[in-house]
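Peer 1: Sequence positions in the sequence shown follow the numbering used here and run 1169 to 1380.
We put the CB at the ideal spot given by N, CA and C, even for glycine.
Predicted, not measured: the structure shown is a model, and the values here were computed from it.
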Amino acid sequence: MSKVIKGDPADSTPTPTSPRGRAVIIPSAVYDAEARAEQILAAARRHADEIVAQARAEWTRIREEAAEQGRSEGQEEAVGLLARAQGVRARLLADAEEDIARLAVQIARKILGAELALGPDAIGRIVSSALGSARLGRSIVVRAHPDDLHGLEASRPTLLAAAGRSEGLVLRADPSIGRGGCIVESELGTIDARLDTQLDAIERALSGSTER
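#1: Does the distance from the C-beta atom of Ala1341 to that of Ala1298 stay below 8 Å?
#2: Report, in whole angstroms, the separation of the C-beta atoms of His1313 and Gly1292, which I expect to be a contact under 8 Å.
#3: Quick check on the DSSP output: the beta strand (DSSP E) that includes Arg1340 runs from which residue to which?
#4: Kindly indicate which residue of Glu1321, Ala1331, Ile1294 and Asp1289 has the alpha-carbon position closest to the one of Leu1339.
#5: By a C-beta neighbour count over all protein chains shown, 10 Å radius and 16 as the cutoff for buried, is Ala1221 buried or exposed?
#6: Is it buried or exposed, Leu1327, if we count other Cβ atoms within 10 angstroms and call 16 or more buried?
#7: Taking the alpha-carbon positions, what's the Ser1354 to Leu1363 distance?
#8: Can you tell me whether Leu1356 is buried or exposed, with buried defined as 16 or more other CB within 10 angstroms of its CB?
#9: Please report the residue range of the alpha helix (DSSP H) in which Arg1324 lies.
#10: Give the secondary structure of Arg1214 by DSSP, where H, G and I count as helix, E and B as strand, and everything else as coil.
#11: Assign Ser1296 to buried or exposed, taking buried as 16 or more other Cβ atoms, counted over all protein chains shown, within 10 Å of its Cβ.
#12: Starting from Arg1306, trace the beta strand (DSSP E) both ways and give me its first and last residue.
#13: Roughly how many angstroms separate the alpha carbons of Ala1329 and Ala1258, rounded to a whole number?
#14: Between which two residues does the beta strand (DSSP E) harbouring Ser1301 extend?
#15: Can you tell which of Asp1315, Arg1214 and Ser1323 has the C-alpha that lies nearest to the C-alpha of Ser1344?
#16: Check the DSSP bridge columns for Thr1358 and list the partner residues they point to.
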């Protein structure tokens, strides 16, 4: 069932509210994930540096032998060996950074899960952020998981403030949307703030940053 939230006509330009001052509880699993990320990168760096060190030693040996014997092909072999070692090192570090990107998404999931467990106002803050992130029309429909509707109804003032000048807000249950996310629709467009969509974007951004 859809529910319509109407604004106060006496206040046409409400000021968005912010949940400042509220303590954020970080679960121990988040710290464990962060420690694991550091271990992954440190181990990958050690392994990669060992490979390069071995390649440099072999490179030096081959060059010295080539110089003694006057063989140009030995010099080329040494250069190729070092280049391959450098390539292996780069792949090892890239693989480790991809693992860390996935861990970062897991951390985000754990933090959001902890937020949702704290109370029904958590989903209100999430949807308010979506409402305040883009220009919206006067008619707005927020689709969210049925289990999140109660928390949204309890956050009426915050939602209306985040919606700005919109006259009303329709909250619509949509079981196809996972908990903790929403889709905002208005005549000016659609905002996809589903949790999976946001986490996929985070993972792509992290993976892209490690490739540079």
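Peer 2: According to the data block:
#1: For Ala1341 and Ala1298, no; Cβs fall outside 8 Å.
#2: Rounded, the Cβ-Cβ distance is 13 Å, inconsistent with contact.
#3: Where Arg1340 is concerned, the enclosing beta strand (DSSP E) starts and stops at Gly1336 to Ala1341.
#4: Nearest option by C-alpha distance: Glu1321.
#5: Ala1221 is exposed by the Cβ-count criterion.
#6: Label assigned to Leu1327: buried.
#7: For Ser1354 and Leu1363, the distance between alpha carbons rounds to 20 Å.
#8: Burial call: exposed.
#9: That run of the alpha helix (DSSP H) goes Arg1324 to Ala1331.
#10: In the structure shown, Arg1214 falls within a helical segment according to DSSP collapsed to helix, strand and coil.
#11: Buried, since its Cβ has 16 or more Cβ neighbours within 10 Å.
#12: Counting along the chain, no beta strand (DSSP E) covers Arg1306, and no H or E run does either.
#13: Each residue's Cα considered, the two are about 49 Å apart.
#14: That residue, Ser1301, is in no beta strand (DSSP E); it is neither H nor E in DSSP.
#15: That would be Asp1315, whose Cα lies nearest to the Cα of Ser1344.
#16: Thr1358 pairs with Glu1353.
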